[in-house]
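Note sheet for the following structure.
2 protein chains.
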Amino acid sequence: MAQQAARIRNSVSQAIAELSAVFGERLSTAEAVRVQHGDDLTWNPGVAPDAVAFAESTDEVQKAVSICGKYRFPIIPFGTGTSLEGHISAPLGGVSIDVSHMNRVLEVHQEDLDCRVEAGVTRKQLNQYLHDCGLFFPIDPGADASLGGMAATRASGTNAVRYGTMRENVLNLTAVMPNGEIIQTAKRAKKSSAGYDLTRLLVGSEGTLGVITEVGLRLHGIPDSIAGGVCPFPSVDAACNATILTIQLGIPVARIELLDSEHIKAVNTYSGLELSPVPTLFVEFHGTEAGTREQSEMFGEIAGELGGGPFDWVTKTEDRNRLWQARHDAFWAVKTMVPGKQAFATDACVPISRLAECVTETQRDAAEHNLYAPILGHVGDGNFHVVLFCDRDDPEDYANVCGFCDRLASRAIAMDGTCTGEHGVGQGKMKFLDAEHGPALEFMRTIKRAFDPQNIMNPGKIVQV
Amino acid sequence: MAQQAARIRNSVSQAIAELSAVFGERLSTAEAVRVQHGDDLTWNPGVAPDAVAFAESTDEVQKAVSICGKYRFPIIPFGTGTSLEGHISAPLGGVSIDVSHMNRVLEVHQEDLDCRVEAGVTRKQLNQYLHDCGLFFPIDPGADASLGGMAATRASGTNAVRYGTMRENVLNLTAVMPNGEIIQTAKRAKKSSAGYDLTRLLVGSEGTLGVITEVGLRLHGIPDSIAGGVCPFPSVDAACNATILTIQLGIPVARIELLDSEHIKAVNTYSGLELSPVPTLFVEFHGTEAGTREQSEMFGEIAGELGGGPFDWVTKTEDRNRLWQARHDAFWAVKTMVPGKQAFATDACVPISRLAECVTETQRDAAEHNLYAPILGHVGDGNFHVVLFCDRDDPEDYANVCGFCDRLASRAIAMDGTCTGEHGVGQGKMKFLDAEHGPALEFMRTIKRAFDPQNIMNPGKIVQV
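Chains as they are written, first to last, in our numbering: chain G, 2 to 466; chain R, 2 to 466.
This is the structure in structure tokens:
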């Protein structure tokens, strides 16, 4: 690895010169631009790339990849920079390929419920574009991320319990591969048995197998009726059990989010709500008016049986939006609770039957180690986030937080879960993959080596080769 | 390829001797057994393997793979032999690994809505096992196939429009890889962003990357209410448009199947129904009683607007079962219409907006070439089947049918669709993959070479390397 780094350094200037010839003023080596492109939303000090290229087309990306291949110069794809696991850092240097200028919605096929966008289109931009035709794209990670980045990290969010994650909602991808080939991974048919699933291989590959430049996406009709509300519970356990029962009974809940009492206190202050400071489920149902009413009633009964409630059912759009805005702002709300420290979110996902146990053990662990660690979960999927606070200049604090994260990942894996449900591996979670995947990990390395023998595509992420 | 075949032949006897030592009487070289294992449900004369090993555990499969690796002896995984594209044929010889004895349901996690089965468990066996706990597994290809085989071919069926295909319903897999490693592709969490999606890579790999020995599956609650019925339409076009509108309005239809007039005539005779001999949709809704009633009414209105109807709504379980049994027997029904010829089904899948056009052009093509070619479709997915009849000893008839199949695949691909929605590539559809995938096909070959450098895993299927 050290030798490779040295070799790369020697050809940095040639590579940048050739990239400059392609990108002109859209290639920047200014420090501020480089630093911004290496830093993500986490506590990790990102390593800045040697240069940033603002690409405007798949062809330009292809030219950049060809140049980088020639000089073995790393390529780090960049969407909106909202990564949570160090995906965009450049530990071996290289060029950050910023696709944010590639922000055109290329095609919308209303009858087929699908569309095609350039990788830099963000989820909110797409939904704004789609609004008038009665369609929407449901995947909603916290940030207004780019759809290319969301595909690359296999993102999900609050709607995944009903609509799936990027895994289920990417129809096909256009990508520039490490050898400079442009491929489209599949046609537009809703299903196919025609060969290996390259779409799903690239979804979640975090830029290590190719640069995603266009994304075909499944869309959904905006439901006639959206209803839901908030429901307090006496314990995390009761809230989790209500979730399990809701899903087991086949109630097609669109969102079911757990906020622990710490989160509720924080959002009450931050967003001016007046919720009881107890574990609370935020739920939403999509369907016809009769359907959502029926679902809401069934959920209310389940909640009541488990000691929860009253279920405060909200139908007015503005009230509902206020609640969900508060939910989406939950990270910023808890962040204000510990001024002066860096905040970041980690995530884990377990089979739903183990969720209450995993959350409870995690809370106990935090208490034992004197950590303020509010928890929030996409509980319908068994996925939850812990927000952590750290003073990186305090080695003891740092070690304490790191230890907690390690134990959380190991705990989730031991419960037949995963070290990350939706944030991705990046640099932050590489060390857990051996425990999670065992001998399967070597086949991930095999794929990486076969596709990218020069290791130029976002090297040092997911797997070390 | 010829050299490889010759090399393989030389070591056949050693390989079989070592396999015999492992499998004892469960290794057969009897001609009848071998021939049965090379022949699928198609018109293609299958090539029998050199031997058949009836495996009883993952460990035994591993031993077999290790022996085969040593002698470069091909391995052809075998479930129930219901392949439709020559997946189980042994064009280069080798051993058929029959997993039908591996038929234990290993785990059912009711709270998590998932289970784990050995690869030889069939879909009907699983559903029988699950019935008492109120859960079911929805994927239903025509045959009572093994779940390992269904995963390997990325199978789907009539419920896919609502519940997805094997791609969406396989949670993880245990497989013996070409180098003899046993891997589990993922843990049991409902979602994960922890590395490359090996599960989806093996789903649809048709035994060319490894032998699937265990499958983790998502389950679903048996709905409170199942309702539906049949609805005649004046044309294929009208039926397709009704389907598009149903899906666009977000009506969560569980099944929506088109039978053309030829199919209706055949099922009337075969199953004693009295349906009008016109294009007809078989539909089914799953949900609460109020929900399915509402959905049925909405569908009836849509059908009426498009000139279809009356929608004959059936709620009695026995009437519904009779209809769906007729639907499932449709292949056998049309088969009786042309006695003396071999019948087989081919499939294609297009974006739903192109479905009516694709079906109509296909019907015209059949008429022009004097072919009886009844059509049946999982129209909610844009997927349809054509049943064809051929006298293989008549070169003209054979060429005529082959030409029709080629044009169908090309037509689907030209409409941004796929040469196979659910039957798989096998040997039968390899020649279309270049047109469908272009430069992406080379990355499929790259994966095959990297995973299976000796080309021992079901060689001569999907991609030629």
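Ideal Cβ positions, reconstructed from N, Cα and C, are used throughout, including at glycine.
Every value quoted in this text rests on a predicted model; they were computed, and no experiment measured them.
Minimum Cβ-Cβ distance from residue i to chain G less than 8 Å
i: residue 110 of chain R; result: yes
i: residue 42 of chain R; result: no
i: residue 292 of chain R; result: yes
i: residue 466 of chain R; result: no
i: residue 194 of chain R; result: yes
i: residue 31 of chain R; result: no
i: residue 234 of chain R; result: no
i: residue 436 of chain R; result: no
i: residue 155 of chain R; result: yes
i: residue 130 of chain R; result: no
i: residue 393 of chain R; result: no
i: residue 219 of chain R; result: no
i: residue 151 of chain R; result: no
i: residue 440 of chain R; result: yes
Identity of the residue in the options nearest residue i by Cα
i: residue 448 of chain R; options: R:124, R:211, R:184, R:119; result: R:211
i: residue 121 of chain R; options: R:131, R:107, R:133; result: R:107
i: residue 372 of chain R; options: R:44, R:77, R:401, R:48; result: R:401
i: residue 47 of chain R; options: R:27, R:85, R:75; result: R:85
i: residue 42 of chain R; options: R:157, R:315, R:88; result: R:88
i: residue 196 of chain G; options: G:311, G:187, G:203; result: G:187
i: residue 293 of chain R; options: R:325, R:340, R:320, R:230; result: R:230
i: residue 277 of chain R; options: R:358, R:137, R:418, R:313; result: R:313
i: residue 59 of chain G; options: G:38, G:119, G:81, G:391; result: G:119
i: residue 406 of chain R; options: R:362, R:465, R:445, R:291; result: R:362
i: residue 270 of chain R; options: R:257, R:220, R:333, R:217; result: R:333
i: residue 263 of chain R; options: R:157, R:342, R:336, R:358; result: R:336
i: residue 245 of chain G; options: G:173, G:356, G:91; result: G:356
i: residue 189 of chain G; options: G:219, G:162, G:203; result: G:219
i: residue 239 of chain R; options: R:280, R:252, R:255; result: R:280
i: residue 147 of chain G; options: G:213, G:412, G:267, G:275; result: G:213
i: residue 460 of chain R; options: R:253, R:286, R:91; result: R:91
i: residue 202 of chain R; options: G:454, G:456, G:445, G:466; result: G:445
i: residue 27 of chain R; options: R:13, R:55, R:18, R:442; result: R:55
Interface flag, residue i vs chain R, CB-CB below 8 Å
i: residue 467 of chain G; result: Nothing can be reported for residue 467 of chain G, as the shown portion of chain G is limited to 2 through 466.
i: residue 451 of chain G; result: yes
i: residue 249 of chain G; result: yes
i: residue 197 of chain G; result: yes
i: residue 285 of chain G; result: no
i: residue 312 of chain G; result: no
i: residue 215 of chain G; result: no
i: residue 224 of chain G; result: yes
i: residue 202 of chain G; result: yes
i: residue 430 of chain G; result: yes
i: residue 444 of chain G; result: yes
Beta bridge counterpart(s) of residue i as assigned by DSSP
i: residue 228 of chain G; result: G:286
i: residue 419 of chain R; result: R:350
i: residue 378 of chain R; result: R:259, R:385
i: residue 145 of chain R; result: Answer is none; residue 145 of chain R lacks a bridge partner.
Check whether residue i and residue j have beta carbons under 8 Å apart
i: residue 20 of chain G; j: residue 52 of chain G; result: yes
i: residue 431 of chain R; j: residue 209 of chain R; result: no
i: residue 234 of chain G; j: residue 309 of chain G; result: yes
i: residue 73 of chain G; j: residue 215 of chain G; result: no
i: residue 429 of chain R; j: residue 45 of chain R; result: yes
i: residue 157 of chain G; j: residue 140 of chain G; result: yes
i: residue 81 of chain R; j: residue 123 of chain R; result: yes
i: residue 374 of chain G; j: residue 411 of chain G; result: no
i: residue 222 of chain R; j: residue 136 of chain R; result: yes
i: residue 194 of chain R; j: residue 422 of chain G; result: yes
i: residue 350 of chain R; j: residue 418 of chain R; result: yes
i: residue 261 of chain G; j: residue 237 of chain G; result: yes
i: residue 338 of chain G; j: residue 413 of chain G; result: no
Problem set entry | Contact between the segment 104-113 of chain G and the segment 67-83 of chain G (3+ Cβ pairs under 8 Å) | The answer is no - the segment 67-83 of chain G does not touch the segment 104-113 of chain G, with fewer than three Cβ pairs under 8 Å.
Problem set entry | Segment contact, 8 Å Cβ cut-off, at least three pairs: the segment 374-382 of chain G with the segment 150-166 of chain G | A contact exists between the segment 374-382 of chain G and the segment 150-166 of chain G.
Exercise. Hey, is the segment 345-352 of chain G in contact with the segment 388-397 of chain G, meaning 3+ C-beta pairs nearer than 8 Å?
Worked result: Yes, the segment 345-352 of chain G touches the segment 388-397 of chain G.
Problem set entry | the segment 287-303 of chain G in contact with the segment 220-229 of chain G per 3-pair CB rule at 8 Å | The segment 287-303 of chain G, when compared against the segment 220-229 of chain G, does touch it at the 8 Å Cβ threshold.
Exercise. Are the segment 126-134 of chain G and the segment 29-45 of chain R in contact at 8 Å, needing three or more beta carbon pairs?
Worked result: Contact fails: fewer than three Cβ-Cβ distances are below 8 Å.
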